[in-house]
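Student: If you read the sequence shown in full-length UniProt numbering, its first letter stands for residue 1, the second for the next number, and so on.
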Amino acid sequence: MRLPLIPPADLTDAQRPLYEDMKAGIASNFNDFKTVDADGALIGPWNPWLHEPVIGKAVWDLTKAMSMQATLPDSARQVAILVTGAHFDAAYEIYAHIAVAEREKMPARRLSELCANIKPVDLSDTESVAYDVAFALVNGGVLPEPCYRLAVDTFGQHGANELIYLVGLYALVSMTLNGFNVPVPERD
1 MRLPLIPPAD
11 LTDAQRPLYE
21 DMKAGIASNF
31 NDFKTVDADG
41 ALIGPWNPWL
51 HEPVIGKAVW
61 DLTKAMSMQA
71 TLPDSARQVA
81 ILVTGAHFDA
91 AYEIYAHIAV
101 AEREKMPARR
111 LSELCANIKP
121 VDLSDTESVA
131 YDVAFALVNG
141 GVLPEPCYRL
151 AVDTFGQHGA
161 NELIYLVGLY
171 ALVSMTLNGF
181 NVPVPERD
């Protein structure tokens, strides 16, 4: 870990409102995995965002919008997030979203294949489209027209937009986690 955890008592005036907002959002939307250490410091991507509160707030606001206003089916969201995290080998992202997917009863074989950059054969139609879009985007270049059209046909224009933004957000989260070498907590 390249940035020290910030205990709540050590927060600056600029960091405290962001910490409180993140802690409240985490409690309501990100409670399937460990996000706080024993001293109350935020771990995962939240700690690096606290170190730069202006940038961190912008990223957190986008994260909230993408999670709290989501319209895509959650299983499709999790597939896209895991494809993105696996592509970038973002350990904390994979850890966190495996926990979410397990709560949603995603089969172990599917999780294993997603984390190994293999397209599972048992995906639903919506999950398959999410996989294809995420896989194409993280591998670079313009999203192929058939992938884009299928996303629009499957999710509507708003949903296709949301899927593209979701992959972009989790690419940013992956870069945050990898750039600051954020460790993965032990699973309970």
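Think of the CB as a built atom: it goes at the ideal place given N, C-alpha and C, for glycine as much as any other residue.
Within a Cβ cutoff of 8 Å, which residues of the same chain sit near Asn178, ignoring the five residues on either side of it in sequence?
Tutor: Walking along the sequence shown from the start, residue 178 turns up at place 178. Answer for Asn178: Phe88, Asp89, Ala90, listed in chain order.
Student: Where Lys64 and Ala116 are concerned, what is the direct C-alpha to C-alpha distance, given to the nearest angstrom?
Tutor: Working through the sequence shown from its first residue, we reach residue 64 at position 64. Working through the sequence shown from its first residue, we reach residue 116 at position 116. About 28 Å.
Student: Answer yes or no: do Asn161 and Met1 have a C-beta to C-beta separation smaller than 8 Å?
Tutor: Position 161 of the sequence shown, counted from the start, is the residue given in the question as residue 161. Position 1 of the sequence shown, counted from the start, is the residue given in the question as residue 1. No, the Cβ-Cβ distance between Asn161 and Met1 is not below 8 Å.
Student: List the endpoints of the continuous alpha helix (DSSP H) containing Asn47.
Tutor: As a working mapping, residue 47 is identified with position 47 in the sequence shown. Segment 46 to 51, the alpha helix (DSSP H) holding Asn47.
Student: Can you tell which of Ile6, Lys105, Leu123 has the C-alpha that lies nearest to the C-alpha of Glu113?
Tutor: Indexing the sequence shown from 1 puts residue 113 at position 113. Out of Ile6, Lys105, Leu123, Leu123 has the C-alpha closest to the C-alpha of Glu113.
Student: Let me know the secondary structure DSSP gives Leu42 once reduced to three states.
Tutor: Working through the sequence shown from its first residue, we reach residue 42 at position 42. Strand at Leu42.
Student: Could you give the distance in angstroms between the alpha-carbon of Gln78 and the alpha-carbon of Gln157?
Tutor: The residue given as residue 78 occupies position 78 in the sequence shown. The residue given as residue 157 occupies position 157 in the sequence shown. Approximately 19 Å, taken between the alpha carbons.
Student: Let me confirm a value: Leu14 is counted as buried when at least 16 other C-beta atoms fall within 10 Å, else exposed. Which label applies?
Tutor: On the sequence shown, residue 14 is found 14 positions in, with the first residue counted as 1. The amino acid occupying residue 14 in the given sequence is Ala; Leu does not appear at that position. Its Cβ having fewer than 16 others within 10 Å, Ala14 is exposed.
Student: For Ala24, does the count of other Cβ atoms within 10 angstroms reach 16, so buried, or fall short, so exposed?
Tutor: Your numbering for residue 24 matches position 24 in the sequence shown. Flag for Ala24 reads exposed.
Student: What separation, rounded to the nearest whole angstrom, lies between the Cα atoms of Tyr170 and Met68?
Tutor: Taking the sequence shown and counting its residues from 1, one reaches residue 170 at position 170. Taking the sequence shown and counting its residues from 1, one reaches residue 68 at position 68. The straight-line gap from Cα to Cα measures roughly 15 Å.
Student: Smallest Cα separation from residue 249: which of Val133, Ile118, Leu18, Val83?
Tutor: Because the chain is modelled from 1 through 188, residue 249 falls outside the range shown and cannot be assessed.
Student: Just the Cα atoms here: how many angstroms apart are Leu72 and Phe155?
Tutor: Against the sequence shown, residue 72 aligns to sequence position 72. Against the sequence shown, residue 155 aligns to sequence position 155. Each residue's alpha carbon lies about 7 Å from the other.
Student: Whose CA, out of Ser128, Thr84, Gly85, Leu50, lies closest to the CA of Glu20?
Tutor: Stepping through the sequence shown from its first residue, residue 20 is reached at position 20. Considering only alpha carbons, the answer is Leu50.
Student: Hey, quick one: how far does the alpha helix (DSSP H) through residue 193 stretch, first residue to last?
Tutor: Outside the displayed range of the chain (1 to 188) lies residue 193, so it cannot be described from this structure.
Student: Give every residue of the same chain whose Cβ lies closer than 6 Å to the Cβ of Val152, excluding the five residues on either side of it in the sequence, and list them in chain order.
Tutor: Stepping through the sequence shown from its first residue, residue 152 is reached at position 152. Closer than 6 Å at Cβ, skipping near neighbours: Ala160.
Student: For the alpha helix (DSSP H) that contains Leu169, what are its first and last residues?
Tutor: The count along the sequence shown starts at 1 and reaches residue 169 at position 169. 145 to 179 is the extent of the alpha helix (DSSP H) around Leu169.
Student: Using a Cβ-based criterion (distance less than 7 Å to any ligand heavy atom), does Phe155 qualify as near the ligand MN?
Tutor: Inclusion of the ligand MN in the displayed structure is not the case, the ligand content being empty and no account of it being possible.
Student: Is it true that the CB of His97 sits closer than 8 Å to the CB of Ile81?
Tutor: Taking the sequence shown and counting its residues from 1, the one referred to as residue 81 is at position 81. Taking the sequence shown and counting its residues from 1, the one referred to as residue 97 is at position 97. Taking 8 Å as the Cβ cut-off, Ile81 and His97 qualify as a contacting pair.
Student: So the candidates are Ser174, Ala76, Ala9; which of them puts its Cα closest to the Cα of Leu111?
Tutor: The residue given as residue 111 occupies position 111 in the sequence shown. Measuring from the Cα of Leu111, the nearest candidate turns out to be Ala76.
Student: Suppose contacts are defined by Cβ-Cβ distances below 8 Å. Is Ile94 in contact with Asn47 by that definition?
Tutor: Numbered from 1 along the sequence shown, position 94 holds the residue referred to as residue 94. Numbered from 1 along the sequence shown, position 47 holds the residue referred to as residue 47. Not in contact: Ile94 and Asn47 (Cβ atoms no closer than 8 Å).
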